[in-house]
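Below is one structure, written out as structure tokens; the observations come after it.
Numbering (this note's numbering), first residue to last: 218 to 297.
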């Protein structure tokens with residue numbers, strides 16, 4: 218199962234949060250590194266996670282039309 222770490226950017230839906238995952242990508246020709254972000258809808262069955270929290274999400278079976286991820290654990294940010 219794939220696991221990704223990201224920040225919650227929206228918690229307005231019932232039992233669903235939007236997690237933004239960013240990663241560094243290198244330009245194929247110029248080799249400059251730049252940040253790429255992608256948003257995933259993740260299942261939060263108890264509605265306990267809030268905006269700004271850093272969480273780990275895991276790929277799972279399709280829960281709805283756009284939800285294919287679920288929150289596994291609360292991740293502590295580096296340096297704290």
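The C-beta atom is built at its ideal place from N, Cα and C for all residues, glycine as well.
Under DSSP, residue 257 shares a beta bridge with 236. Here residue 236 is buried, its C-beta having at least 16 other C-beta atoms within 10 Å.
Collapsing the DSSP output to three states places residue 265 in coil. Comparing alpha-carbon positions, the option among 233, 280, 220 and 281 lying closest to residue 268 turns out to be 233. With fewer than 16 other CB atoms across the displayed protein chains lying within 10 angstroms of its CB, residue 265 is exposed. Straight across, the Cα-Cα distance linking residue 218 with residue 249 is about 30 Å.
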